[in-house]
Each structure stands twice: as C-alpha cells, then as structure tokens.
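Scroll down for the structure; my scribbles are underneath it.
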Amino acid sequence: MAPSSRPYHHGGLKAALLKAAVETISASSPASMSLREVARRAGVTHAAAIYHYGDKAGLLTAVAVDGFRLLTAQITSAYQAYEDFLEVGVAYVRFAVEHRAHFEVMYRPDLYHAGDPELLEAKAAAAQLLYGSEHPDPGQLLAGVAAWSVVHGLATLWLNGNLPEQLGKDPEAITRLVASRLPPSTGAAP
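In the working numbering, the protein residues as written are 60 to 249.
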C-alpha cells in the first residue's frame, strides 16, 4: 500500500490500529485476532502494530480501555437523561449490542494486561456507576452486582441468540421487561 493511501495521518496510526482491531474481532473473535491481521486491515506493517501496542495482549488492553470508557459515557448519558436506574441497565445492554467487539474483550482479563493502570482507571469509572459509589457499602455492592449480573447476562444471552423467541426481537424492550421484575432496591443510582 502506498504511503499516501494509508488510512491514517500524522499520529493517527494508534487509533487506526485500534479501529482495525475492533473490526477484526467483529469478524471473528478476540481470541483469534492476530496482530498481523490487524496491521493488514490498517494498511501497515506488523512491526508498526508491535511498536504501538507491544503484543496482542497490549492491543486487546487498548480495546478494553476504549470499551470501558465508551460504556461509562453511555451509562452516564442514560442516567442523566432519565434519572432511572432501569434505563442505565438498558444502556448497558445497548452498549453490548452496539459495541460487541469491545464487550467481548472487556470481561476477558485472560486476554489482556489486567494490571494496566489506564485499564484499571477505566474499569473503576464504570464500576463506580454500576455500584453507585466509588466506595460502595456492602448493600450497594450487592445491589450493584445483582443488577449488573442481570443486564450482563441478558446482553450475553441476546448476543449469543439464547433468549426465548417469545420475548421478541428488541433487546432494550426485553431488558425493560426482565429488569422491571427486580426489587426496587436492587439498583444503586449513579
């Protein structure tokens, strides 16, 4: 590929590689993604991918960081718009459906550098919203995990085609139906 036809410009290579990684994961899976395929999609050499991310786990760490940041923005926006924890759960499922590649990486610490400081910061920001506090008390923690488990499970079941057909074809509507069955104290508002 000629330098002028590459899909990045002046410092945009890292972002182009991240985008190519998400595309590659979407086409296959996080486990089968290779740096060579990502570099090919980005129109650069394998060495360029290694230079920016070190290894496959480094690139998957960047995908996870990006995912946690996108999730935090999406659930913050939902809470600000609706001030309703149910809608935060719907936003979580919407995120999983719209950003499947990120979602499939974020909760697989076996694939990335789990101790990466940038990742820990991004995860903490999302956790604060899911638990309703930076330092949740035991009740907030349990309520947050219960609500998170329901919407994470729904998202996973939806993405893998395992929900009963009778529930319909709209993952957001299904989330509202199922999550509304939870006791009101289950959710902790951000």
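Glycine included, C-beta positions come from ideal geometry on N, C-alpha and C.
Applying the 10 Å Cβ sphere with the 16-neighbour rule, what's the burial state of His220? In the sequence shown, residue 220 corresponds to position 161, counting from 1. In the sequence on display, residue 220 carries Gly and not His. Answer is exposed; the Cβ neighbour count stays below 16.
Who are the Cβ neighbours of Gly117 in its own chain at under 7 Å, not counting the five residues just before and after it? As a working mapping, residue 117 is identified with position 58 in the sequence shown. Here the set comprises His172.
What is the DSSP secondary structure of Gly102, reduced to helix, strand or coil? Your numbering for residue 102 matches position 43 in the sequence shown. In this structure, Gly102 counts as coil in the three-state DSSP scheme.
Residue interval of the alpha helix (DSSP H) (run including Ser85): Position 26 of the sequence shown, counting from 1, holds the residue named residue 85. Segment 72-86, the alpha helix (DSSP H) holding Ser85.
Once the 5 residues before and after Leu77 are set aside, which same chain residues still bring their CB inside 7 Å of it? Reading the sequence shown from its first residue, position 18 is the one you call residue 77. These residues qualify, in order along the chain: Ala121, Val122, Asp125.
Out of curiosity, what's the CA-to-CA distance linking Ser208 and Pro176? Translated into the one-based positions of the sequence shown, residue 208 becomes position 149. Translated into the one-based positions of the sequence shown, residue 176 becomes position 117. Answer to the nearest angstrom: the Cα atoms are 25 Å apart.
Return the chain-ordered list of same chain residues with a C-beta closer than 8 Å to the C-beta of Gly235, the five sequence neighbours on each side being excluded. In the sequence shown, counting from the first residue as 1, residue 235 sits at position 176. According to the sequence provided, residue 235 is Arg. The question's Gly does not apply to it. Counting only Cβ-Cβ distances below 8 Å, and skipping sequence neighbours, we find Leu145, Val149.
Tell me which residue opens and which closes the alpha helix (DSSP H) that Met165 is part of. If you number the sequence shown from 1, residue 165 lands on position 106. Counting along the chain, the alpha helix (DSSP H) containing Met165 begins and ends at 159-165.
Where does Ala173 sit, in a helix, a strand or coil, going by DSSP? Residue numbering aside, residue 173 sits at position 114 when the sequence shown is read from its first letter. Coil.
In terms of alpha-carbon separation, which member of Gly70, Ala108, Ala106, Met165 lies closest to Ala181? Indexing the sequence shown from 1 puts residue 181 at position 122. Selected option, being the one with the closest Cα: Met165.
Grab the span of the alpha helix (DSSP H) containing Gly198 for me, first residue to last. Against the sequence shown, residue 198 aligns to sequence position 139. 197-218 is the span of the alpha helix (DSSP H), which, as asked, contains Gly198.
Do Leu94 and Ala75 have their beta-carbon atoms positioned less than 7 Å apart in this structure? Within the sequence shown, numbered from 1, the residue matching residue 75 stands at position 16. Within the sequence shown, numbered from 1, the residue matching residue 94 stands at position 35. Their beta carbons are not under 7 Å apart, which means Ala75 does not touch Leu94 by this criterion.
Gly174 to Leu119 span [Cα, whole Å]: To locate residue 174, count along the sequence shown from 1; it is residue 115. To locate residue 119, count along the sequence shown from 1; it is residue 60. The alpha-carbon atoms of Gly174 and Leu119 are separated by roughly 13 Å.
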